[in-house]
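Chain order of the listed sequences is A and B. Per the numbering used here, residue 178 is the first one in the first sequence, and the count goes up by one each step. Per the numbering used here, residue 7 is the first one in the second sequence, and the count goes up by one each step.
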Amino acid sequence: MSTHAVGGHAATARSASGTRRSGDGRDRLFRRSVTGVVIALALLWLVPIAWALDTSFKAEPDTIKIPVNWAISHFTLSAYSTDFSASDIARWYINSAIVGVIVTVLTVFAASMAGYALSRQSFLGKRVLYVVILAGIMIPPQALMVPLFREFQAVHAINTYWALILPQVPAPIAVFIFKKFFDGQPIELDQAARIDGASWWTCYRRIALPLARPAVAAVSIFTFVWTWNNFLWPFLAATNQTMMTIPVGLGTVIPGTGITNALQMASAVLGALPLVMVFLLGQRQIVEGVAGTGLK
Amino acid sequence: MTSAALPSRTLPASRPRPGRLRSGELAGLGFLAPFLVFYALFLILPLALAAIMSLFNTSLVIPGLGRFVGLSNYGELFGDTFFWQAMWHTVLFTIVSTPVLVVLPMFLAIAIYRVRRGQWFFRLTFFMPYILPSAVISLIWTWMYEPGYGLIDGTFHFLGLGAPGWLSSPHLVLYSIVIVTIWWTIGFSFVLFLAGLQDIPQNLYEAAELDGASWWTQTRRITIPMLGRTITLVAVLQVIASLKVFDQVYLITQGGGGPNYSARTAIEYIYDQGFTSQRVGYASAASLVLFVVIMAISFAWLAVVRRQEKGV
């Protein structure tokens, strides 16, 4: 919705103002200067990323020149290769991918079934359960890290994939998104199938879920990005370097590698890369997901 | 409503026997079960555990609850200057960052909404940092602030502006991190405002055009008032997110909470108590206090939204 519609609206707004006769000079000057400020801010916003890239391609001595400068006297990718050979970053990539994919699959599975039940089926206590799940949207998981750690400590599961994956699955907001989506689907298809004797599972699996592909895509991409980026819980649950995810490794191990500026920026770039790719693939879902937050 | 419609409409055909009804009930709960299991184990149980452990002197390194201490954890907490200091940093962080994170993205969204060519460039530029992990952001900005060699500090040196000690001055470090946070998260509010702008009816502008209203007047009289709901939403989401701030502060100060704990936030205080001092019971009490504050703000906001919707 958002990306195309924004462009479309902008165009109508433009053509509307274009037909205007009173090309008021002061107004135009004002608008020009606003555009100028926005362009300046956009360039400013790019500077940290450009600086990180610039540093990552430098040889280490180049990064500590005074006065500070952008010049790369000797372009090299050695920081990147050192990163892979000297740190566990390859392992962290694998961990992040495993955790991200499994959390996403489980979240979509559990949340879409729950959303389907709340939308289509009638059962005792449905209303209460719905309110309880909705209230969960507001629970700040960060405030529950200590007891959650205690739970996993009690079953000796710290530094396991179980600990990294399971607590990230319950996302009440995903249930809400699926329920809303199923509410908007025509009920007749399910009814017809039910009359023909199809089970609820068949209705959900063969009819409702395939029709809910946009919701599945949005929830998947969002969950994946959120899980991939999550820092606090994986930081607590993985103290062993081989169990760390990308953010935990980059946040806690890489800064301790001494004065290796190029290496640190190469790590930052490597940490950013998968997200940039996911973003370019799923831009619409991500932007719409954010835009839908709380707007309902 | 759909759920109510389904049984009544399907009743004659699909439910010849009353036994059918009970299987339907079971199916509903069965579909909810997987989610409810996760929900109970990893959101409700920790909450209950926090409430229980806050009444005990539970330790990280000793199994079990420890000794029952009544409300003494809470008593100690309310007299603990370090706890209040951390709460204050969190509030200060919220007070400083929220206005910027409401006004600046609103300005950007309004300005960019009308740009015809290259709009994608602006959207990408302002939104991209938001999807990067906190660890990447922290690496980049620690290097930006690096004394002497980082781009920001180095440029200050070069211009003869001295070294303000971005991350080493207790007066400055929290503000340096606010700057990072603004850069990182502006895209979130920016996208919410772009969505809000789409909901403003175009004919309002057309009418204003005919009356010869300038762009600035239109913005002030139409756009900003019509964005009221989005402004509330963005402000509340920013406040809630700021109360939970941890990642970038912890990472940029390298776990130390800044010089003299000058940037330690509430979550970091809970982390320090629970994991560094290993006082799980005490940390649980602090968690619950923070939890109640955040939930109270969320519910207050929900009440406001409900009333706004009824008013319309």
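Beta carbons: idealized from backbone N, C-alpha and C, even for Gly. Here the structure is a predicted model, which is why all the values come from computation and not from measurement.
> Is any heavy atom in the ligand ZN found nearer than 7 Å to the beta carbon of residue 232 of chain A?
Replying inline: Looking at this structure, you won't find the ligand ZN or any other ligand, since it has none at all.
>> Does residue 397 of chain A come out as helix, strand or coil in the three-state DSSP assignment?
In response: Three-state DSSP puts residue 397 of chain A in a helix.
> Within the chosen definition, does the stretch 346-360 of chain A reach the stretch 425-438 of chain A through at least 3 CB pairs nearer than 8 Å?
Replying inline: These segments do not touch.
> Which chain A residues are close to residue 169 of chain B, counting only those with a beta carbon under 7 Å from its beta carbon?
Replying inline: By Cβ distance, chain A contributes nothing, its closest Cβ being about 12 Å from residue 169 of chain B, past 7 Å.
>> Residues in the same chain with beta-carbon distance under 6 Å from residue 253 of chain A, minus the five sequence neighbours each way, listed in chain order, please.
In response: Cβ neighbours of residue 253 of chain A beyond the five flanking positions: 236.
> For the 8 Å Cβ check, are there 3 or more pairs between the stretch 293-301 of chain B and the stretch 233-242 of chain B?
Replying inline: No contact exists between the stretch 293-301 of chain B and the stretch 233-242 of chain B.
> Taking C-alpha atoms, which residue in B:269, B:165, B:80, B:43 lies nearest to residue 179 of chain B?
Replying inline: The closest CA to that of residue 179 of chain B, considering only B:269, B:165, B:80, B:43, is found on B:269.
> Mapping DSSP to helix, strand and coil, what is residue 281 of chain B?
Replying inline: Here residue 281 of chain B sits in helix by DSSP.
>> Less than 8 Å between C-beta atoms, sequence neighbours within five positions excluded: which residues of the same chain meet that for residue 313 of chain B?
In response: Once the five neighbours on either side are set aside, residue 313 of chain B has no close Cβ partner at all.
> If you compare alpha carbons, which of A:229, A:438, A:388 is closest to residue 289 of chain A?
Replying inline: It is A:388 whose Cα lies nearest to the Cα of residue 289 of chain A.
> What runs of the alpha helix (DSSP H), each 4 residues or longer, lie entirely inside the stretch 356-402 of chain A?
Replying inline: Runs of the alpha helix (DSSP H) inside the stretch 356-402 of chain A: 365-372.
>> Under 7 Å, CB to CB, which of the residues in the stretch 250-263 of chain B have a partner in chain A?
In response: Hits within the stretch, in order: 250, 252, 253, 257, 260.
>> So, with DSSP's three-state summary, where would you put residue 78 of chain B?
In response: Three-state DSSP puts residue 78 of chain B in a helix.
> Between the Cα of residue 223 of chain A and the Cα atoms of B:113, B:263, B:214, B:136, which residue gives the shortest distance?
Replying inline: Checking every option, the nearest Cα to that of residue 223 of chain A belongs to B:136.
> So, is the C-beta of residue 442 of chain A closer than 8 Å to a C-beta in chain B?
Replying inline: Yes, residue 442 of chain A counts as interfacial toward chain B.
> When you compare each of B:58, B:112, B:44 to residue 226 of chain B by their alpha carbons, which one comes out closest?
Replying inline: Measuring from the Cα of residue 226 of chain B, the nearest candidate turns out to be B:112.
> Grouping DSSP H, G and I as helix and E and B as strand, with all else coil, what is residue 299 of chain A?
Replying inline: The answer is coil: DSSP assigns residue 299 of chain A none of H, G, I, E or B.
>> Against chain B, does residue 458 of chain A count as a neighbour if the rule is that its beta carbon must be under 8 Å from one of theirs?
In response: No, residue 458 of chain A lies away from the interface with chain B (no Cβ there is under 8 Å from its Cβ).
>> Quick check on the burial criterion: 16 or more other C-beta atoms within 10 angstroms. Buried or exposed for residue 310 of chain B?
In response: Exposed, by the Cβ-count rule.
> What residue from B:301, B:102, B:131, B:271 has the CA that sits closest to residue 88 of chain B's CA?
Replying inline: Among B:301, B:102, B:131, B:271, the Cα nearest to that of residue 88 of chain B is on B:271.
> Using the C-alpha atoms, what's the distance from residue 188 of chain B back to residue 104 of chain B?
Replying inline: The straight-line gap from Cα to Cα measures roughly 9 Å.
>> Let me see if you follow: with CB-CB separation under 8 Å, is residue 93 of chain B close to chain A or not?
In response: Residue 93 of chain B does not count as touching chain A.
> If you count every other CB in all the chains shown that lies within 10 Å of the CB of residue 224 of chain B, and 16 or more means buried, which is it?
Replying inline: It counts as buried.
> Among B:64, B:101, B:122, which one has its Cα closest to the Cα of residue 331 of chain A?
Replying inline: Of the candidates B:64, B:101, B:122, the residue whose Cα lies closest to the Cα of residue 331 of chain A is B:64.
>> Below 8 Å on C-beta distance, what does residue 406 of chain A contact in chain B?
In response: Simply 137, 138, 139, 140.
> Name the DSSP bridge partner or partners of residue 62 of chain B?
Replying inline: Per DSSP, B:74.
> For the alpha helix (DSSP H) that residue 442 of chain A lies in, which residues bound it at each end?
Replying inline: Per DSSP, residue 442 of chain A belongs to the alpha helix (DSSP H) from 438-458.
> Can you tell me where the alpha helix (DSSP H) with residue 315 of chain A in it begins and where it stops?
Replying inline: Careful: residue 315 of chain A lies outside any alpha helix (DSSP H) and carries neither H nor E.
>> Taking the straight line between their C-alpha atoms, what separation do you get for residue 494 of chain A and residue 210 of chain A?
In response: Outside the shown range of chain A, which is 178 to 473, sits residue 494 of chain A, and nothing can be said about it.
> What number of angstroms, rounded off, separates the C-alpha of residue 241 of chain B from the C-alpha of residue 138 of chain B?
Replying inline: Distance between the alpha carbons of residue 241 of chain B and residue 138 of chain B: 22 Å.
> If you draw a straight line from the alpha carbon of residue 328 of chain B to that of residue 165 of chain B, how long is it in whole angstroms?
Replying inline: There is simply no residue 328 of chain B to check, as chain B begins at 7 and stops at 318 in what is shown.
> Going straight from the alpha carbon of residue 279 of chain A to that of residue 342 of chain A, what length do you get?
Replying inline: If you draw a straight line from the Cα of residue 279 of chain A to the Cα of residue 342 of chain A, it comes to about 7 Å.
> If the cut is a Cβ gap below 8 Å, which residues of chain A does residue 161 of chain B touch?
Replying inline: For residue 161 of chain B, the residues of chain A that pass the 8 Å Cβ criterion are 245, in the order they occur in the chain.
>> Could you compute how far the alpha carbon of residue 99 of chain B sits from the alpha carbon of residue 385 of chain A?
In response: So the alpha carbons of these two residues sit roughly 45 Å apart.
> When you compare only the Cα positions, how much space is there between residue 84 of chain B and residue 90 of chain B?
Replying inline: Each residue's Cα considered, the two are about 8 Å apart.
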